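Structure first, commentary second.
Numbering (this note's numbering), first residue to last: 27 to 152.
Here it is, written out as C-alpha coordinates:
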(Lines of atoms letter the chains of each structure in order from A and count residues from 1; the text may use other names and numbers.)
(Lines give C-alpha, C1' and ligand atoms only; values in the text may rest on other atoms or scores of the structure.)
Protein backbone atom coordinates (compact mmCIF):
# COMPACT_ATOMS: atom_id res chain seq x y z
CA UNK A 1 0.00 0.00 0.00
CA UNK A 2 1.08 3.52 -0.64
CA UNK A 3 1.32 5.86 2.28
CA UNK A 4 2.17 3.24 4.89
CA UNK A 5 0.25 2.48 8.04
CA UNK A 6 -2.44 4.89 9.18
CA UNK A 7 -1.33 7.24 11.94
CA UNK A 8 -2.04 6.11 15.47
CA UNK A 9 -4.77 8.09 17.20
CA UNK A 10 -3.46 10.52 19.77
CA UNK A 11 -4.20 9.57 23.37
CA UNK A 12 -7.00 11.56 24.94
CA UNK A 13 -5.80 14.60 26.87
CA UNK A 14 -6.15 14.31 30.64
CA UNK A 15 -7.39 17.14 32.84
CA UNK A 16 -3.86 17.65 34.18
CA UNK A 17 -2.54 17.83 30.61
CA UNK A 18 -5.20 20.37 29.67
CA UNK A 19 -4.48 22.51 32.74
CA UNK A 20 -0.74 22.43 32.04
CA UNK A 21 -1.34 23.33 28.40
CA UNK A 22 -3.53 26.26 29.43
CA UNK A 23 -0.93 27.44 31.95
CA UNK A 24 1.81 27.33 29.31
CA UNK A 25 -0.39 29.26 26.86
CA UNK A 26 -1.15 31.83 29.56
CA UNK A 27 2.59 32.35 30.15
CA UNK A 28 3.16 32.67 26.40
CA UNK A 29 0.47 35.34 26.16
CA UNK A 30 1.98 37.27 29.08
CA UNK A 31 5.38 37.11 27.42
CA UNK A 32 3.95 38.37 24.12
CA UNK A 33 2.16 41.14 26.00
CA UNK A 34 5.39 42.29 27.66
CA UNK A 35 7.22 42.18 24.33
CA UNK A 36 4.56 44.29 22.59
CA UNK A 37 4.62 46.79 25.48
CA UNK A 38 8.40 47.10 25.17
CA UNK A 39 8.11 47.59 21.40
CA UNK A 40 5.48 50.31 21.94
CA UNK A 41 7.82 52.13 24.33
CA UNK A 42 10.58 51.96 21.71
CA UNK A 43 8.24 53.43 19.08
CA UNK A 44 7.35 56.30 21.42
CA UNK A 45 11.05 57.07 21.93
CA UNK A 46 11.56 57.10 18.16
CA UNK A 47 8.53 59.37 17.73
CA UNK A 48 9.90 61.81 20.31
CA UNK A 49 13.25 61.86 18.50
CA UNK A 50 11.49 62.55 15.20
CA UNK A 51 9.54 65.40 16.79
CA UNK A 52 12.79 66.93 18.08
CA UNK A 53 14.14 66.73 14.51
CA UNK A 54 10.97 68.35 13.12
CA UNK A 55 9.78 65.22 11.30
CA UNK A 56 6.11 65.20 12.34
CA UNK A 57 4.99 62.73 9.66
CA UNK A 58 7.42 59.99 10.71
CA UNK A 59 6.67 60.72 14.37
CA UNK A 60 2.98 60.14 13.62
CA UNK A 61 3.76 56.79 11.99
CA UNK A 62 5.78 55.71 15.02
CA UNK A 63 2.95 56.80 17.33
CA UNK A 64 0.40 54.80 15.30
CA UNK A 65 2.65 51.76 15.59
CA UNK A 66 2.98 52.39 19.33
CA UNK A 67 -0.83 52.52 19.69
CA UNK A 68 -1.16 49.23 17.79
CA UNK A 69 1.49 47.59 19.96
CA UNK A 70 -0.18 48.85 23.16
CA UNK A 71 -3.50 47.40 21.97
CA UNK A 72 -1.77 44.10 21.18
CA UNK A 73 -0.22 44.09 24.66
CA UNK A 74 -3.58 44.75 26.34
CA UNK A 75 -5.37 42.10 24.26
CA UNK A 76 -2.75 39.46 25.07
CA UNK A 77 -2.91 40.29 28.78
CA UNK A 78 -6.72 40.07 28.77
CA UNK A 79 -6.53 36.68 27.07
CA UNK A 80 -3.92 35.51 29.57
CA UNK A 81 -6.22 36.47 32.45
CA UNK A 82 -9.12 34.65 30.79
CA UNK A 83 -6.96 31.53 30.41
CA UNK A 84 -6.00 31.71 34.09
CA UNK A 85 -9.65 32.08 35.09
CA UNK A 86 -10.73 29.16 32.90
CA UNK A 87 -7.96 27.04 34.39
CA UNK A 88 -9.12 27.83 37.93
CA UNK A 89 -12.73 26.97 37.05
CA UNK A 90 -11.69 23.72 35.39
CA UNK A 91 -9.45 22.78 38.34
CA UNK A 92 -12.28 23.51 40.78
CA UNK A 93 -14.77 21.46 38.74
CA UNK A 94 -12.29 18.60 38.51
CA UNK A 95 -11.74 18.64 42.27
CA UNK A 96 -15.49 18.59 42.85
CA UNK A 97 -15.84 15.61 40.49
CA UNK A 98 -13.08 13.76 42.33
CA UNK A 99 -14.73 14.49 45.67
CA UNK A 100 -18.08 13.23 44.37
CA UNK A 101 -16.43 10.04 43.06
CA UNK A 102 -14.85 9.52 46.48
CA UNK A 103 -18.21 9.96 48.23
CA UNK A 104 -19.82 7.51 45.81
CA UNK A 105 -17.16 4.92 46.71
CA UNK A 106 -17.34 5.32 50.49
CA UNK A 107 -21.09 5.84 50.92
CA UNK A 108 -22.01 2.14 50.54
CA UNK A 109 -19.28 1.23 53.06
CA UNK A 110 -20.56 3.82 55.54
CA UNK A 111 -24.14 2.62 55.05
CA UNK A 112 -23.07 -1.00 55.61
CA UNK A 113 -21.17 -0.07 58.76
CA UNK A 114 -24.13 1.94 60.06
CA UNK A 115 -26.46 -0.98 59.46
CA UNK A 116 -24.15 -3.26 61.46
CA UNK A 117 -23.74 -0.85 64.38
CA UNK A 118 -25.59 -1.30 67.60
CA UNK A 119 -27.02 2.15 68.26
CA UNK A 120 -27.17 1.56 72.03
CA UNK A 121 -23.42 0.87 72.11
CA UNK A 122 -22.78 4.00 70.03
CA UNK A 123 -24.79 6.16 72.40
CA UNK A 124 -22.79 4.77 75.34
CA UNK A 125 -19.53 5.80 73.63
CA UNK A 126 -20.80 9.24 72.71
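Quick reminder that beta carbons are idealized off the backbone N, C-alpha and C, glycines included.
It should be emphasised that the depicted structure is a prediction, and the values quoted were computed from it without experimental measurement.
Look at the beta carbons and you see the region 68-84 not touching the region 40-55: under three pairs across the two are nearer than 8 angstroms. A distance below 6 angstroms between beta-carbons, with the five flanking residues on each side excluded, links residue 59 to the following residues of its chain, in chain order: 99, 102, 103. Distances from the alpha-carbon of residue 63 to those of 53, 110, 93, 81 put 93 closest.
In this structure, DSSP gives residue 79 a state outside helix and strand, which the three-state scheme calls coil. Inclusion of residue 45 and residue 116 in the CB contact set at 8 angstroms is warranted, their separation being smaller than that value. A distance below 8 angstroms separates the beta carbons of residue 88 and residue 73.
In the three-state scheme derived from DSSP, where H, G and I count as helix and E and B as strand, residue 48 is classed as helix. Taking all protein chains in view, the Cβ of residue 141 is surrounded by fewer than 16 other Cβ atoms within 10 Å, so the residue is classified as exposed.
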